[in-house]
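Asks: Okay, handing you the structure first.
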Amino acid sequence: MKLTKKQLKKLQKLNIRIFKLERNIVNETIKIDKQLSNKQKDTNDLLDNYDIEAEISFFISGIMEPISTIEQNFKNISDYNSQLFYLQNHNDFFRKKGHPMNNDYHCWWFHCLYDHEYLSWKRMLEIKEISIDINVTYQYIK
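Quick note: the sequence shown uses numbering that gives the first Met the number 0, first residue 0, plus one each step.
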């Protein structure tokens with residue numbers, strides 16, 4: 000699909016919107032991960048293990064089922080190197096001469112939509128709502 004300038008701008012706005020949500024969720028899960036990591040290290044605490052997962056669902060107008068859902072694990076996100084991953088440019092077209100997105104920054108979830116979930120640009124342009132659920136699992140084995 001050849002994209003118009005208007006469509007490219009709309010995709011860039013979607014990427015920015017997703018990036019802001021991604022940053023908020025990363026920051027929130029960092030807090031959760033630090034807390035649970037400390038509990039796990041505490042010999043007086045019964046917590047043996049934990050997991051932090053998020054479901055990011057993308058919806059288009061008038062349809063109740065998401066057109067795509069990304070599952071993301073955030074255990075150990077409080078490790079600085081894990082956080083760096085979310086700051087990298089995940090643009091598959093970066094510096095590809097002649098590609099209309101070659102100079103764009105793509106956040107991880109935006110990248111996932113076209114590269115892992117195989118959504119077309121047309122379908123991505125239809126995204127209206129994004130829902131994010133964070134699920135924390137506590138495991139006690141003693």
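No residue lacks a Cβ here, since even glycine has one placed at the ideal position from N, Cα and C. Keep in mind that this is a model prediction, so the values were computed, not measured.
Report all residues from its chain with a CB closer than 6 Å to the CB of C111; omit the five preceding and five following residues, and keep chain order.
Replies: So the qualifying residues of the chain are I69.
Asks: Looking only at its chain, what residues have a beta carbon closer than 6 Å to the beta carbon of P65, apart from the 5 residues adjacent to it on each side?
Replies: S56, F57 and F58, listed in sequence order.
Asks: Just mark H105 as buried or exposed, buried being the case when its beta carbon has 16 or more other beta carbons within 10 Å.
Replies: The residue is buried, with at least 16 neighbouring Cβ atoms inside 10 Å.
Asks: Rank S60, K95 and S81 by C-alpha distance to the C-alpha of R122 and give the top, closest one.
Replies: Looking at the Cα atoms, S60 is the closest of the given residues.
Asks: Put K127 into one of helix, strand or coil per three-state DSSP.
Replies: Looking at K127 - three-state DSSP - the assignment turns out to be strand.
Asks: Would you please state the rounded distance, in angstroms, between the beta carbons of I51 and I24? I believe it to be under 8 Å.
Replies: That belief does not hold up - the Cβ atoms of I51 and I24 are roughly 10 Å apart, past 8 Å.
Asks: Can you have a look at Q71 and say buried or exposed, based on whether 16 or more other CB atoms are within 10 angstroms of its CB?
Replies: Burial call: buried.
Asks: Whole-angstrom Cβ separation of Y113 and L45, contact assumed at under 8 Å?
Replies: Rounded, the Cβ-Cβ distance is 43 Å, inconsistent with contact.
Asks: Excluding the five sequence neighbours on either side, which residues of its own chain have a C-beta within less than 8 Å of the C-beta of I129, listed in chain order?
Replies: Same-chain partners within the cutoff: R16, I17, L20, I55, S56, F57 and F58.
Asks: Using alpha carbons as the reference points, say which of K40, Q6 and A53 lies closest to V135.
Replies: Checking every option, the nearest Cα to that of V135 belongs to A53.
Asks: Bridge partners of D50, per DSSP?
Replies: D50 pairs with T136.
Asks: In the DSSP assignment, the beta strand (DSSP E) including T68 goes from what residue to what residue?
Replies: Here the beta strand (DSSP E) through T68 covers S67 to N72.
Asks: To test your reading of the DSSP string, which unbroken alpha helix (DSSP H) runs of 4 or more residues are found completely within the region 61–120?
Replies: Listed in chain order, the complete alpha helix (DSSP H) runs (minimum 4 residues) inside the region 61–120 are 79–84 and 107–114.
Asks: Taking only the alpha-carbon atoms, compute the straight-line gap between T42 and T3 and give it to the nearest angstrom.
Replies: Distance between the alpha carbons of T42 and T3: 59 Å.
Asks: Classify N90 as buried or exposed, calling it buried when 16 or more other Cβ atoms lie within 10 Å of its own Cβ.
Replies: Buried, because 16 or more other Cβ atoms sit within 10 Å of the Cβ of N90.
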